[in-house]
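Below is one structure, written out as C-alpha cells; comments come after it.
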Amino acid sequence: MIQDNERQAVTTADIREAGPILHFRSHDAAGLSLAALSVRPEGAAAPGPVETKTAKIAPRRIARLAGLDFWRHDFTLAVGEDGYRLDGRLHPVATRLEGDLRIGFVSCNGEEDGDLDRDPQERNLMWSRLLEQHESAPFALLLQGGDQIYADEATKGHPLSEDWPDSVPSDPGAEALEGLRAHLRDRFARRYLRVLTADPCERLFAEIPALSIWDDHDICDGWGSQPAESTHSAVGRLLFSVAREMYLLFQHAATDADIPDLFWEPSGRNLGWRRDLPGLTIFAPDLRSQRERRQVMGEAGWRPAETLESDAAHVFMVSSVPLLGPRLSLLESVMAVIPKMQHYEDDLRDQWQSRAHRDSWRRMLGAVLRMRQKAAVTVLSGEIHLATRADMGPDQTRIHQLVASGISHRAPPRNYARVLGWFASLGESPLPHHPVRIHPLPGQRRRYVAQRNFLTLQRRDGRWQAVWHLEDSGATPGLPLD
0 MIQDNERQAV TTADIREAGP ILHFRSHDAA GLSLAALSVR PEGAAAPGPV
50 ETKTAKIAPR RIARLAGLDF WRHDFTLAVG EDGYRLDGRL HPVATRLEGD
100 LRIGFVSCNG EEDGDLDRDP QERNLMWSRL LEQHESAPFA LLLQGGDQIY
150 ADEATKGHPL SEDWPDSVPS DPGAEALEGL RAHLRDRFAR RYLRVLTADP
200 CERLFAEIPA LSIWDDHDIC DGWGSQPAES THSAVGRLLF SVAREMYLLF
250 QHAATDADIP DLFWEPSGRN LGWRRDLPGL TIFAPDLRSQ RERRQVMGEA
300 GWRPAETLES DAAHVFMVSS VPLLGPRLSL LESVMAVIPK MQHYEDDLRD
350 QWQSRAHRDS WRRMLGAVLR MRQKAAVTVL SGEIHLATRA DMGPDQTRIH
400 QLVASGISHR APPRNYARVL GWFASLGESP LPHHPVRIHP LPGQRRRYVA
450 QRNFLTLQRR DGRWQAVWHL EDSGATPGLP LD
C-alpha cells in the first residue's frame with residue numbers, strides 16, 4: 000500500500016491495491032451481513048482471512064481484469080460485535096441498527112476535467128470532515144447517491160473513443176473494440192483506485208458499510224441524454240458495458256452472477272435495489288441503465304418501484320437526480336433559442352422536471368405518494384452540486400427531499416444558485432393539490448447553497464433529523480423529518 004507521505008508523488012498508474020471496502024448486504028436476527036472487497040495486482044498474494052469472534056472467512060476471487068485481482072470476503076457480524084480483523088488490523092463497525100442510528104449521505108465525488116490531478120487535501124477536504132463526524136459518533140451506513148467517480152476522461156487516449164460522442168466510428172472491427180475495452184477498463188480502474196485509497200476515504204470505506212446507486216458520470220457526462228446514434232453505437236455500448244462492470248465490482252463488490260441476490264430485477268436490465276433495516280426501508284431506482292432521451296426507466300425499473308411495500312416506519316428513497324425541483328420547461332425553452340446555451344440541453348434533460356420526462360415524473364411521484372400512505376418518506380438526492388431541500392403536498396402526506404451534492408466537486412458560481420432559486424419561486428405542482436416547494440436549509444437565507452457539502456441523518460428515540468455540513472458555513476441546525 001502506498002504510504003501517506005508518498006501519495007502526492009506517484010501517478011495513478013502506481014495505485015494498484017485497495018481495500019478492504021465494506022458493502023452492506025442485509026441485517027436480520029443473525030446480525031449484519033457484509034462483503035469486503037480487496038483489490039490486488041494480478042498474481043499477488045491474496046488477502047488473509049477475515050476474522051470475526053466466531054469464524055475465519057477466506058477470500059474468494061470474483062474477477063481478474065485490468066491487471067487486477069478482485070477478492071471478496073462474505074461474512075456476518077453479530078449484533079454488538081465490535082468489528083472484524085483483516086491482515087492483523089481491527090476495523091470497527093457499528094453493528095447495532097435498532098434504536099439510535101447514524102447514516103451519512105454523499106454524492107458527486109469528482110470533477111469532469113483534471114480530477115486526478117487536483118491537490119488531494121483540497122479535493123478531499125469534505126471527506127476529512129466526514130471522517131471527523133464518524134470519529135465523534137460512528138456511522139452505521141454510508142449512502143452514495145451517484146457520481147462516485149467522474150469517468151468523463153476515460154475515453155481519451157484511444158482513437159475509437161477520443162472524440163466520442165461528437166464523432167462516432169462507423170464500423171470498428173472486433174479487434175479494435177477489444178483494444179478499447181482494455182483501455183477503458185484500465186482508465187476506470189485508475190479512477191476508482193484513486194478515490195478509494197484517498198487518505199480520509201480509505202478508513203471510512205473500511206469501517207462503514209456502503210450502499211451506492213450510480214449516475215451519469217459513473218459512465219460519462221449525461222449518459223442516456225445524448226443522441227441515440229452515440230449511445231447505441233458500438234463504442235457507446237462498449238463504454239456502458241465497461242462502466243457497468245466496474246460499477247458492480249467497485250461499488251457493490253459484485254459481478255453479474257450476484258445480481259439476482261442484490262438488485263431488484265434478476266435480469267440486471269435495471270440495477271435498482273432495496274434494503275431493509277430495523278424500522279427503515281431504503282430503495283434506489285436505477286435512473287441510468289435504461290435511460291433514453293425520452294425515457295428515465297424501462298418497465299424493469301418501474302415494476303419494483305410501483306409495487307414496493309414496507310412495514311417500516313420510515314422509507315428513504317435515493318434518487319440520483321432530485322425528484323422534487325423547480326419548473327425547468329421554461330428554462331429549456333429559453334436555452335433552445337440561444338445558441339451558446341444549447342450545449343446545456345442534455346443537462347436539463349437529465350432531470351425529472353424536463354418536459355421530455357414529465358409523464359415519468361408524475362408516475363414516480365404517484366408511486367412515492369402511495370408509499371406515503373403507510374410510512375414517512377424522505378427522498379435523498381445529489382447531482383446538482385448544490386445543497387437544498389424541498390417538500391411536496393399537505394402536512395398529512397408531506398414528502399421531504401434533501402439534496403446534498405458535491406462532496407468533492409467544487410461549487411458552481413453563486414449566481415447559478417440564485418437563478419435556480421428564482422425559478423423555484425415560480426412554483427410547481429405536477430400533481431393536483433400537491434405543490435412542490437423549495438426551501439432554504441435551516442439557518443440559510445437562500446433556497447440553494449453553493450458550497451461543497453454532505454448530509455448526516457440521525458435517528459434518536461425513533462425520530463429522524465437531517466444536518467447538512469457545508470464547506471464554509473459549517474453544520475446546519477437539525478431538520479426534523481417526521
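Going by numbering that gives the first Met the number 0, 27 is the number at position 28 of the sequence shown; the sequence numbering is gapless.
Glycine included, C-beta positions come from ideal geometry on N, C-alpha and C.
| Query | Result |
| --- | --- |
| Minimum length 4: unbroken alpha helix (DSSP H) runs contained in the segment 90–162 | 119–122 and 124–135 |
| E80 versus A93: straight-line alpha-carbon distance, rounded | 8 Å |
| Selection from H438, F204 and Y415 that minimises the alpha carbon distance to I20 | F204 |
| Proximity of K52 and A35 at Cβ, strictly below 8 Å | no |
| Pairwise C-alpha distance: Q457 and D99 | 7 Å |
| Coil, strand or helix - T10 by DSSP | Annotation note: pLDDT 43 at T10 (below 50); position unreliable, coordinate value reported separately. Of the three classes helix, strand and coil, the one that applies to T10 here is coil, per DSSP. |
| For E470, the nearest candidate out of V38, R59, S127 and V367 (CA to CA) | S127 |
| Within the segment 242–293, ranges of the alpha helix (DSSP H) (whole runs, at least 4 residues) | 258–261 |
| Start and end residues, beta strand (DSSP E) containing S211 | A209 to S211 |
| Buried or exposed by the 16-neighbour rule on C-beta atoms within 10 Å, applied to K339 | With a pLDDT of 47 at K339, under the threshold of 50, the modelled position of this residue cannot be trusted; read the value that follows with caution. K339 comes out exposed. |
| Rounded C-alpha distance that separates E161 from P168 | 10 Å |
| Of the listed residues A465, A188 and W163, nearest to V378 (C-alpha basis) | A465 |
| The segment 128–144 in contact with the segment 178–185 per 3-pair CB rule at 8 Å | no |
| Residue burial classification, N452 (beta-carbon count within 10 angstroms, cutoff 16) | buried |
| Residues sharing a beta bridge with E427, DSSP | V435 |
| Among D349, A45, L385 and I102, the one whose alpha carbon lies nearest that of A57 | A45 |
| Exposure label - P412; buried when at least 16 CB within 10 Å | exposed |
| Per-residue burial, D460 [other beta carbons within 10 Å of its own, 16 or more giving buried] | exposed |
| Other residues of its chain near R445: CB distance less than 8 Å, five sequence neighbours each side excluded | A416, R417, G420 and P439 |
| C-beta atoms of G271 and P303 nearer than 8 Å | yes |
| A62 versus A256: straight-line alpha-carbon distance, rounded | 11 Å |
| Collapsed DSSP secondary structure at I337 in the structure displayed | Interpretation of I337 is limited by its pLDDT of 48, a score under 50 that renders its predicted location unreliable; the figure taken from the coordinates is listed afterwards. Correct three-state label for I337: coil. |
| Close beta carbons around E427, own chain, < 8 Å, minus the five adjacent residues each side | G324, P325, R326, Q352, P434 and V435 |
| Pairwise C-alpha distance: L192 and M296 | 30 Å |
| Y191: first and last residue of the uninterrupted alpha helix (DSSP H) it sits in | A173 to L195 |
| Residue closest to G392, alpha-carbon to alpha-carbon, out of G405, P429 and S404 | P429 |
| Same chain, Cβ closer than 7 Å to E50, neighbours up to 5 away in sequence not counted | Y83 and R84 |
| Cβ shell of R186 (< 7 Å), same chain only, five flanking positions each side left out | A153 |
| L159 to R243 span [Cα, whole Å] | 19 Å |
| Contacting residues, own chain, Cβ-Cβ under 8 Å from D68 (five flanking each side not counted) | V38, R39, P40, E41, G42, A43, A45, R60 and A62 |
| Sequence-distant residues of its chain with Cβ nearer than 7 Å to H157 (five each side left out) | L179 and H182 |
| For H72, the three-state DSSP class (helix, strand or coil) | strand |
| Limits of the unbroken alpha helix (DSSP H) element including R361 | R357 to R371 |
| R369 beta carbon less than 8 Å from that of T396 | no |
| Through-space distance from G477 to V448, alpha-carbon basis | 16 Å |
| Reference T387, options L454, A150 and M363, closest by Cα | L454 |
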